[in-house]
Amino acid sequence: MARSDDGKRNFALRDTSGSESSVFSGRTPRQAALKAARRLEPADGEDAAEREAISLREKGTKKVHHYEGWAWVEDAPDDKPDWMPQRITKANVSKQGIEHLEEI
Numbered sequence: 005m006a007r008s009d010d011g012k013r014n015f016a017l018r019d020t021s022g023s024e025s026s027v028f029s030g031r032t033p034r035q036a037a038l039k040a041a042r043r044l045e046p047a048d049g050e051d052a053a054e055r056e057a058i059s060l061r062e063k064g065t066k067k068v069h070h071y072e073g074w075a076w077v078e079d080a081p082d083d084k085p086d087w088m089p090q091r092i093t094k095a096n097v098s099k100q101g102i103e104h105l106e107e108i
């Protein structure tokens with residue numbers, strides 16, 4: 005399993021056909037899934053957000069982590085740093101399971 009010195013692992017975003025388009029890094033599969041979910045089309049609130057399937061294959065393994073992800077925009081906190089916009093995209097994910105591929 006390929007890990008960098010800081011403990012981060014790489015996860016490839018897979019579509020339904022099995023092709024991999026982007027790579028997200030994180031210490032855990034959930035951390036990478038949250039990064040992927042923030043790229044979804046955001047809704048006006050968490051309750052209005054559509055759930056979408058996110059599949060991430062851990063690089064160097066045959067494990068695919070399946071999540072349901074959703075994104076929304078909301079006002080930034082009052083104590084936000086100057087560089088942060090007034091409206092920010094937030095995301096959440098729910099683990100659906102792990103699939104073990106026969107081959108990559």
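Take any residue in the sequence shown, count from 1 to its spot, add 4: that is its number in this note's numbering.
Positions of the beta carbon are idealized from the N, C-alpha and C atoms, including for glycine.
Burial state of residue i (16 or more Cβ within 10 Å)
{"i": "I58", "result": "buried"}
{"i": "G73", "result": "buried"}
{"i": "P85", "result": "exposed"}
{"i": "R13", "result": "buried"}
{"i": "A95", "result": "buried"}
{"i": "A52", "result": "exposed"}
Alpha-carbon spacing of residue i relative to residue j, whole angstroms
{"i": "H104", "j": "H70", "result": "11 Å"}
{"i": "D48", "j": "D83", "result": "22 Å"}
{"i": "G22", "j": "Q35", "result": "21 Å"}
{"i": "G4", "j": "T32", "result": "Residue 4 lies beyond the range of the chain shown here (5 to 108); nothing can be said about it."}
Assigned secondary structure, residue i (DSSP; H/G/I helix, E/B strand, else coil)
{"i": "K94", "result": "strand"}
{"i": "S50", "result": "In the sequence as presented, Ser is not what sits at residue 50; that position holds Glu. Of the three classes helix, strand and coil, the one that applies to E50 here is helix, per DSSP."}
{"i": "E107", "result": "coil"}
{"i": "W76", "result": "strand"}
{"i": "G84", "result": "Note that residue 84 is Lys in the sequence shown here, rather than Gly. In this structure, K84 counts as coil in the three-state DSSP scheme."}
Sequence-distant residues of its chain with Cβ nearer than 6 Å to residue i (five each side left out)
{"i": "S25", "result": "L17"}
{"i": "R61", "result": "A16, R18 and V68"}
{"i": "V77", "result": "P46, R91 and T93"}
{"i": "G101", "result": "H70"}
Same chain only: Cβ atoms within 7 Å of residue i, ignoring 5 sequence neighbours per side
{"i": "K39", "result": "F28 and G30"}
Nonlocal neighbours in the same chain, by C-beta distance under 8 Å from residue i, ignoring five residues either side
{"i": "A80", "result": "M88, P89, Q90, R91 and I92"}
Which ranges would you report for the alpha helix (DSSP H) in the segment 10-66 if only whole runs of at least 4 residues count?
-> Counting only runs of 4 or more residues that sit fully inside the segment 10-66, the alpha helix (DSSP H) segments are 33-41, in chain order.
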